[in-house]
Every structure is written in C-alpha cells, then in structure tokens.
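Residue numbers (our numbering): 230 to 656.
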Ligand code: GLU
C-alpha cells in the first residue's frame with residue numbers, strides 16, 4: 230500500500246483527536262497500542278505431501294466494551310502492522326455502531342488463490358488450533374475479511390467446537406447459511422455503506438437518483454454497495470475497479486450509462502477478478518486500475534483496501550465529487566484527508582461507513598445465543614436502524630464541534646471506550 234504503514238496512520242488519526250480532546254496521557258497510552266498480540270506459525274501438510282509453515286496473527290486491541298471482534302485476512306502482503314491497524318479500527322467501529330464488542334483482527338500471510346480447497350480447510354483448522362485458547366464467544370470472536378469466506382468460518386467454527394467438546398456457533402461470525410450464519414450477513418457491509426451514503430445525501434440535500442458513483446473494488450463489500458446504490462438509491466454506478474488475479478494488476482470496468490452489478494457478479498471469480506473477455510463482449514470499457522479515482526462523478530466509494538487515496542492520488546478526484554464513502558478500512562491517508570477536507574467534500578469515514586458488517590455479525594452472535602433466527606427483512610431493518618443512528622450521532626458531533634467527520638467519529642468512539650474503561654476501573 231504505497232509505502233504507508235497503516236498502523237502509523239491509525240495512530241496519527243488517533244493522536245490528532247486525542248489532542249483535540251486533551252485526552253489524559255495514561256488513557257492515551259492504553260489506546261494507542263493493542264492490549265494483546267499473538268504471533269504464531271501454522272505448520273501444514275500440502276496436497277503434494279510437502280510441509281509448509283504459514284505465519285499467523287491475532288491482535289486484540291481493546292475489549293473494554295465486550296469481547297474483541299473482527300475479521301481474519303488472508304493476504305500475501307499481510308504484516309503485524311496491518312493487523313494492528315485493523316484491530317484498532319475495529320475498536321472504534323464497534324464503539325461508533327454502539328454494539329457491545331471490542332476490537333480485534335487476525336491474519337495469515339498467504340495468497341488464498343494459491344491453495345486448493347482442502348489446503349484452505351487445513352489452514353483454517355491450523356489457525357484455530359493455535360488460537361483456540363484465546364478466542365471464544367465471551368473473549369474474542371473472529372469473522373471474514375479480505376481473502377476469507379463464509380465456508381472458511383464454518384471450518385473454523387467446527388474446529389473450535391471439536392476442541393471445546395461442544396457446539397459453539399458464537400465463536401465466529403460470517404458463517405454460511407445453514408451452518409449457524411445469519412440472513413443478510415453477506416449483503417450487510419455493502420448495504421451499510423449505502424445506508425450511510427443515503428443519510429449523507431439527505432443531509433446535503435442531494436437527490437441520489439440523479440447521482441453517479443465510482444467504486445473501487447468488486448469483492449463482497451463493493452458488490453453489494455453497487456447493488457444497493459443502483460437498486461436502493463436509484464443512482465448510476467459508472468465503474469468498478471478491481472484486482473486481476475491472473476495479470477497481477479488492477480483494471481477499471483466502465484459503462485457510462487451504468488454498470489449492471491448482478492451481471493458483473495456472474496462473471497467474477499471468488500477472488501473478485503472480473504472476466505475481461507466477457508465484460509468486453511457486454512460493452513464494458515476496460516481502463517487502467519487507477520482510472521476510478523478521476524471519474525467525473527458525484528460519489529466516490531473506495532470499497533477494497535487501505536491506502537488507495539494518498540496525497541497524490543486524491544489530487545485526481547474530480548471537482549464534481551461531493552461525497553466520499555469509505556467501504557474499505559483505511560483507504561484514505563492523512564495527506565489525502567487534507568485534500569478532501571480542503572475541497573469541502575463530505576466524508577463518511579471507514580469505521581462508520583463500513584460498520585454494517587460487524588453490526589450484522591453482532592446480530593448473528595445474538596441469534597446464535599438465542600438459538601432463534603430472524604428473517605432477512607428483520608435483520609436488514611435492524612441494520613438500517615443501527616447504521617442510521619450511528620451516522621447521525623457522528624454528524625451531530627461534527628456539527629457541534631465543527632470538526633471533520635473522521636474526527637467526529639473518533640470523538641464518539643473514544644468517549645464510549647474510555648467510559649467503559651473507567652466504569653471497569655481500568656483507567
Ligand atoms: N471484517 C469486517 C470488518 O472489517 C467484519 C468484522 C466482523 O464481522 O467481525 O468490519
């Protein structure tokens with residue numbers, strides 16, 4: 230990610246708000262770094278009989294408000310610092326969404342597309358074998374993220390249940406339907422992005438039916454954000470940009486009169502790579518991977534990975550853009566924030582904008598505990614309510630304190646986490 234250390238970025242964002250809040254030095258020291266970190270190695274027999282060892286991580290940043298919560302990423306370039314940053318953002322995300330959970334994140338240094346299905350299963354079980362004593366429904370609850378899937382969550386839940394000697398669906402969320410998962414979880418992050426964009430547009434007096442959007446990514450979040458933008462808000466998505474696993478580069482797939490997200494999903498593989506030949510045949514223009522940033526649109530939705538909007542690339546943002554909604558975690562560097570702020574673009578910051586996934590994960594855990602499952606409509610209605618309340622809590626803070634939306638989101642989140650730590654006598 231363009232030489233930016235995401236953990237330093239998370240700390241810079243936190244420090245700026247800690248200064249604005251004149252946060253006590255001791256409290257600041259507790260929150261600047263994760264409470265616990267696990268680094269381990271997972272030996273695994275490959276299908277060809279050879280033995281390989283994979284590096285694994287789990288970071289529990291803060292669990293004052295409830296069990297640590299957050300996904301597990303499988304990526305070839307995973308580092309302890311990306312996991313630390315993502316765990317930290319999970320603490321703020323759960324607090325801003327006001328769900329009773331803390332922040333955690335896990336990772337494995339591996340490109341999942343190089344593994345067979347049986348190797349993936351063994352690696353999932355291997356991760357749990359290393360971590361099972363330090364995760365659990367009342368301790369730390371993992372979930373999917375970039376490079377991991379509901380099926381993998383199912384294997385991990387099974388391994389944990391076997392080691393514990395009892396069926397424990399609440400140890401992990403994002404499980405498949407029929408395997409303890411919740412209806413709506415697949416759509417939740419992308420739809421959550423759209424609920425926040427809807428509220429932002431209302432606030433700015435923008436009719437979304439007349440707007441266009443450019444989206445970075447075409448994995449789980451971007452797919453449902455595209456569907457939601459077109460189907461719920463009546464807007465036009467003019468392009469999506471995604472990584473091509475064969476060519477090891479990224480492309481922007483454009484159609485000025487609007488992409489068809491469901492068609493594109495039908496020609497996308499499990500790693501988010503769109504079939505170029507089929508897209509071309511259907512009239513899509515295939516452009517450079519960075520082209521999405523400079524599109525002449527009203528709304529930009531970075532929904533893939535961290536660090537894509539830098540001081541340099543943010544200068545390419547069209548004058549027409551009025552809203553940036555961060556579906557990804559950490560897509561905007563502090564230098565890009567300065568550009569967005571100066572231009573007066575309305576930002577819906579990541580840990581608010583993409584909180585729909587973890588909020589639905591929380592609903593999944595609640596349903597697992599009750600052993601009673603809600604309908605999809607019920608889940609999505611509860612999700613919309615939670616996201617809308619969270620958005621307005623942050624907007625009210627931004628209006629009252631006259632601060633940037635990211636800083637306002639930090640203020641709401643830090644206040645809730647510090648309150649929980651105080652009430653528990655930690656600080
Ligand atoms: N990985 C998702 C995120 O970054 C979801 C986490 C969860 O459901 O626990 O928010």
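All residues carry an ideal CB built from backbone N, CA and C; glycine is no exception.
Secondary structure in the region 458 to 483: the beta strand (DSSP E) runs of 3 residues or longer, each lying completely within the stretch, are 465 to 473 and 478 to 483 in chain order.
For residue 337, the CB stays at least 7 Å from every heavy atom of the ligand GLU. As a beta-bridge residue in DSSP terms, residue 274 pairs with 280. Closer than 7 Å to some heavy atom of the ligand GLU: that does not describe the Cβ of residue 449. Annotation: residue 544 to residue 557 spans about 20 Å, alpha carbon to alpha carbon. The alpha-carbon of residue 517 is positioned some 10 Å away from that of residue 471.
The beta carbon of residue 586 sits closer than 6 Å to the beta carbons of 417 and 418 from its chain, once the five residues preceding and following it are set aside; these are given in chain order. Taking each of 559, 619 and 622 in turn and checking the Cα distance to residue 234, the smallest one comes out for 559. Per DSSP, reduced to three states, the secondary structure at residue 248 is helical.
One Cα belongs to residue 512, the other to residue 495, and the distance between them is close to 15 Å.
Per DSSP, the unbroken beta strand (DSSP E) holding residue 514 starts and ends at 514 to 517.
Counting C-beta pairs with one atom in each stretch, the region 382 to 398 and the region 356 to 365 have three or more that are closer than 8 Å, which means they touch. Residue range 332 to 338 is occupied by the beta strand (DSSP E) that includes residue 334. Rounded to the nearest whole angstrom, the CA to CA distance from residue 448 to residue 590 is 18 Å. Here residue 556 carries a coil assignment [DSSP, helix/strand/coil]. Leaving aside the five residues that flank residue 605 on each side, the residues in its chain whose CB is nearer than 8 Å to its CB run, in chain order, 412 and 413. Beta-bridge annotation (DSSP): residue 371 is paired with 299. Exclusion of the five residues before and after residue 499 leaves 378 as the residues of its chain whose Cβ lies within less than 8 Å of its Cβ. Taken through DSSP and simplified to helix, strand or coil, residue 359 comes out as helix.
By the neighbour-count definition (other C-beta atoms within 10 Å, threshold 16), residue 548 is an exposed residue. Assignment of residue 234 by DSSP, reduced to helix, strand and coil, places it in the coil class. The alpha helix (DSSP H) runs lying completely inside the region 576 to 603 and spanning 4 residues or more are 579 to 582 and 585 to 599, given in chain order. Measuring C-alpha to C-alpha distances from residue 489 to each of 453, 477 and 480 identifies 453 as the nearest. Within the same chain, Cβ atoms closer than 7 Å to the Cβ of residue 611 are found at 592, the five residues on either side in sequence being excluded. The three-state secondary structure of residue 618, taken from DSSP, is helix.
When secondary structure is reduced to three states using DSSP, residue 438 falls in the helix class. In this structure the region 517 to 534 touches the region 429 to 444; the number of beta carbon pairs closer than 8 Å is three or more. About 6 Å separates the Cβ atoms of residue 584 and residue 325, confirming a contact at the 8 Å cut-off. In this structure, residue 284 lies away from residue 261, with their beta-carbon atoms at least 8 Å apart. The Cβ atoms of residue 297 and residue 332 lie closer than 8 Å to each other. In this structure residue 533 is buried. Its beta-carbon is surrounded by 16 or more other beta-carbon atoms within 10 angstroms. Shortest gap from the CB of residue 306 to any heavy atom of the ligand GLU: 7 Å or more. Residue 320 has its CB no nearer than 7 Å to any heavy atom of the ligand GLU. Bounds of the alpha helix (DSSP H) holding residue 490 are 490 to 495. The beta carbons of residue 250 and residue 640 sit closer together than 8 Å.
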